[in-house]
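Peer 1: The structure follows.
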Amino acid sequence: MEQDLIVVGSGNAALCAAIAASEKGARVLVIEKAPEDMAGGNTKYTAGAMRFAYDGGEDLQDLLLDPKDERLPRTDFGAYTAQKFRDDLLYFNDGRPLSPEQDKLVGRSLETMKWLAGHDVKFEPIYARQSFEKDGRLVFWGGLTLAAEDEGVGLFEAERAALLRAGGRIEYGLAAQSLLVEDGRVRGVTARREDGSTVDLRAQGVILGCGGFESSRELRHDFMGEEWEAARVRGTPHNTGDGLLMALELGAARHGLYSGAHATPMDRHMKEYGNLDIPHGDRKNYRKICYFLGVMVNAEGKRFVDEGKDFRNYTYAQYGKAVLDQPGQFAWQLFDAKTEDLLYAEYRFHDAHYVQADTIEDLCAKLEGVDASAALDTVRAFNAAVDDDTPFDPTIKDGRQARGLTPPRSNWAQRLDTPPFRAYPVTGGITFTYGGLKVDDAGAVLRPDDSPIPGLFACGEIVGGVFFNGYPGGSGLTSGAVFGRQAGYGAAASLSPAT
Ligand SMILES: Cc1cc2nc3c(=O)[nH]c(=O)nc-3n(C[C@H](O)[C@H](O)[C@H](O)COP(=O)(O)OP(=O)(O)OC[C@H]3O[C@@H](n4cnc5c(N)ncnc54)[C@H](O)[C@@H]3O)c2cc1C
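In terms of our numbering, the sequence shown opens at residue 21 and continues consecutively.
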């Protein structure tokens, strides 16, 4: 046998598992379904931002790519305590208590970042998006402080380099298709090559790090409901739930919220999957999340969410689903010229779709698929309900409502009254799924009676119970690293001493 362990997938979670197992002396083979240029899964589409608990700037020192950065002496990183991280996760739990997986995510977040840094995966402060300048100092807000050098692509490259240094191997264009079981233990995989031929790869154990099922229309329909079938996929086309199905077939328990997914409003005319060919900074530009500055209407011309319920960080991962729940599964976001400067760059993206008019009547008439007169009534009613006595302030929850509407409008309400008016068509884009497998403290996949399936481990998006109705940004990668490292150590410890 050439390898002790097979790791399925080459995203952040799988690579962390592979590095951890190699560190313990295991001979590891990573197999990746995609060709080399598409390896790295959703990880490569990210900004590389990772959320973790820390008590102050000194906790970050060992993580930094450039500890001599001249900005550091005048930077206030503040603290992002474990309790604050827990509270931020609880905010999205719809009343559920903190799950054991969430508790682990928080408790091991800093040590896992330090572990990554120890493998030369280094990070940079996210000055541009997560800090502001105050009295000459650079002050971070929101608890999300560091990102990998060169974002998701850089994270993938750094982790891959760490794995190769540790003696691991990677083969691309090789998709795990089924698990090989001998004497009740998982002992490898049957994998399919790009030419359609198959190969049996034997090992003492298998770690599934091959993502969720967000890229499979069929599984979205079956596990989540019909409304998810037409969702756009924000990332890789390759996360089609292969590992999940293989594990379920062996009797693994389903765990977590299968009906749940991270999903945001996206340009209705984007392609079915994310696009790695467009430059880094542009990859998020199909997203459209400034609805809190305008009015969002469905095909019936009606509003259907409180666009200003909270800061967009706390609503954007849910409002993709809200759009998918609408007739025809689309909506339009309407703005006037007052908000032009406040809209994120994604609204100025060269491939952003929109219509423009000089009157609100003409704008409503241009909203394809929408009852124009109902939309006009909605905007007029909205304009009439705006609370002019409260000043507009997008830096705080300003309480500037549109009074008496259903659904309510809680913050940042401004009349649509200044031409030119613009409207952007959106649909729901799925980022990743929340339902998955249950794992124990060694990362072993559990059956419904909580007994482990010998030789089978899992990490990353495929682990359920970590997220429910949303998450604080940057938690997905940290979760992949925490549960990846756990699975790597657990799988390595399960190897028989004879190897
Ligand atoms: C556009 C976008 C932006 C995001 N931004 C952030 C962010 O800034 N911060 C953050 O924390 N999270 C972010 N996320 C979420 C984050 O990408 C995921 O949480 C994380 O990357 C998942 O890691 P993973 O290793 O589990 O899966 P992935 O990185 O998706 O890796 C899974 C891998 O498995 C491979 N695979 C699938 N099936 C098989 C098979 N049968 N055999 C072999 N290989 C297989 C896939 O090809 C893929 O390479 C973002 C996601 C998207 C789509």
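Built from N, CA and C at the ideal position, the CB exists for glycine as well.
Run through DSSP, which three-state label would Y509 get?
Peer 2: Helix, per DSSP.
Peer 1: Going along the chain, which residues of its own chain have a beta-carbon closer than 6 Å to the beta-carbon of L228, five neighbours each way excluded?
Peer 2: The answer, listed in chain order, is V28, G263, A478 and I482.
Peer 1: Any chance the CB of F452 is under 8 Å from a heavy atom of ligand 1?
Peer 2: For ligand 1, at least one heavy atom lies less than 8 Å from the Cβ of F452.
Peer 1: Starting from K154, trace the beta strand (DSSP E) in both directions and tell me its first and last residue.
Peer 2: Residues S151 to K154.
Peer 1: Residue range of the alpha helix (DSSP H) that D382 falls in?
Peer 2: Per DSSP, D382 belongs to the alpha helix (DSSP H) from I380 to A385.
Peer 1: Would DSSP call I26 helix, strand or coil?
Peer 2: Reduced to three states, the DSSP call for I26 is strand.
Peer 1: To the nearest angstrom, how far is the alpha carbon of D469 from that of L92?
Peer 2: Going from the Cα of D469 to the Cα of L92 covers about 51 Å.
Peer 1: Rounded to whole angstroms, how far is the Cβ of L497 from the Cβ of T66, which I believe are closer than 8 Å?
Peer 2: Right, their Cβ atoms sit about 6 Å apart.
Peer 1: Which of the three DSSP states, helix, strand or coil, is assigned to Q421?
Peer 2: DSSP places Q421 in coil when its eight states are reduced to three.
Peer 1: Less than 8 Å separating the Cβ of M70 from some heavy atom of ligand 1?
Peer 2: The answer is yes for M70.
Peer 1: Let me make sure I understand the geometry here. Which of I26, F112 and D96 has the alpha-carbon closest to that of F487?
Peer 2: Nearest C-alpha to F487: F112.
Peer 1: Taking just the CA atoms, how far does T210 sit from V219?
Peer 2: Each residue's Cα considered, the two are about 6 Å apart.
Peer 1: For I450, which residues of its own chain have a beta-carbon under 8 Å away from its beta-carbon, when the five flanking residues on both sides are left out?
Peer 2: Around I450: E234, R240, W248, A251, R252, V253, R254, A281, H282, A283 and G340.
Peer 1: Check this for me: beta carbons of G485 and Y278, under 9 Å apart or not?
Peer 2: No, the pair does not count as a contact, with Cβ atoms beyond the cut-off.
Peer 1: Using a 10 Å radius around the Cβ and a threshold of 16 neighbouring Cβ atoms, would you call T519 buried or exposed?
Peer 2: Confidence at T519 is low in this model, with a pLDDT of 46, below 50, so its placement is unreliable and the value that follows should be read with caution. Exposed: under 16 other Cβ atoms inside 10 Å.
Peer 1: Quick check: what's the CA-CA separation for W161 versus F105?
Peer 2: Taking the straight line from one Cα to the other gives about 13 Å.
Peer 1: Given a threshold of 16 other Cβ atoms within 10 Å of its Cβ, counted over all protein chains shown, does Q103 qualify as buried or as exposed?
Peer 2: Under this definition Q103 is an exposed residue.
Peer 1: Regarding I51 and ligand 1, is the C-beta to nearest heavy atom distance less than 8 Å?
Peer 2: Yes, the beta carbon of I51 sits closer than 8 Å to at least one heavy atom of ligand 1.
Peer 1: Applying the criterion that 16 or more other CB atoms from any shown protein chain within 10 Å of the CB defines a buried residue, is T63 buried or exposed?
Peer 2: It is buried - the Cβ of T63 has at least 16 other Cβ atoms within 10 Å.
Peer 1: I need the DSSP call for A102, collapsed to helix, strand or coil.
Peer 2: Residue state, collapsed to three classes: helix.
Peer 1: Would A513 and K124 qualify as a contact pair, given that the criterion is a beta-carbon distance under 9 Å?
Peer 2: No. Outside cutoff.
Peer 1: Taking Cβ to Cβ, would you say L596 is nearer than 9 Å to E22?
Peer 2: Since the displayed the chain opens at 21 and closes at 519, residue 596 lies outside it and no answer follows.
Peer 1: Just to confirm, does E522 get its C-beta within under 8 Å of one of the non-hydrogen atoms of ligand 1?
Peer 2: No answer is possible for residue 522: the residues shown for the chain start at 21 and end at 519.
Peer 1: What do you reckon, are the CB atoms on K134 and L85 nearer than 9 Å?
Peer 2: Not in contact: K134 and L85 (Cβ atoms no closer than 9 Å).
Peer 1: Based on Cα-Cα distance, which residue from Q197, C36, M316 and P117 lies nearest to S217?
Peer 2: Ranking the options by Cα distance to S217, first place goes to Q197.
Peer 1: Starting from Q197 and walking both ways along the alpha helix (DSSP H), at which residues does that stretch end?
Peer 2: Note, Q197: premise wrong, no alpha helix (DSSP H); beta strand (DSSP E) at L194 to E202.
Peer 1: Can we count V126 as close to ligand 1, meaning its CB is less than 8 Å from some heavy atom?
Peer 2: The answer is no for V126.
Peer 1: Quick one: give me the first and last residue of the alpha helix (DSSP H) that E179 is part of.
Peer 2: Per DSSP, E179 belongs to the alpha helix (DSSP H) from E171 to R185.
Peer 1: Under a three-way DSSP split, which group does G504 fall into?
Peer 2: Correct three-state label for G504: helix.
Peer 1: Tell me whether the beta-carbon of Y374 lies closer than 9 Å to the beta-carbon of C310.
Peer 2: No.
Peer 1: Which residues in the same chain as A37 place their Cβ atom closer than 6 Å to its Cβ, once the five residues preceding and following it in sequence are excluded?
Peer 2: Excluding residues within five positions, the ones whose Cβ falls inside 6 Å are V27, I227, G229, C479, G504, A507 and G508.
Peer 1: Output the distance between the C-alpha atoms of L35 and R180, rounded to the nearest integer angstrom.
Peer 2: In a straight line, the C-alpha of L35 is about 7 Å away from that of R180.
Peer 1: Along the chain, where does the beta strand (DSSP E) containing P445 start, and where does it finish?
Peer 2: Start and end: F441 to T453.
Peer 1: Figure out for me which residue from R288, V459, D287 and G231 has the closest Cα to the Cα of T260.
Peer 2: Ranking R288, V459, D287 and G231 by Cα distance to T260 puts G231 first.
Peer 1: Give the secondary structure of Y374 by DSSP, where H, G and I count as helix, E and B as strand, and everything else as coil.
Peer 2: DSSP places Y374 in coil when its eight states are reduced to three.
Peer 1: Which residues in the same chain as A137 place their Cβ atom closer than 6 Å to its Cβ, once the five residues preceding and following it in sequence are excluded?
Peer 2: Closer than 6 Å at Cβ, skipping near neighbours: D82 and L83.
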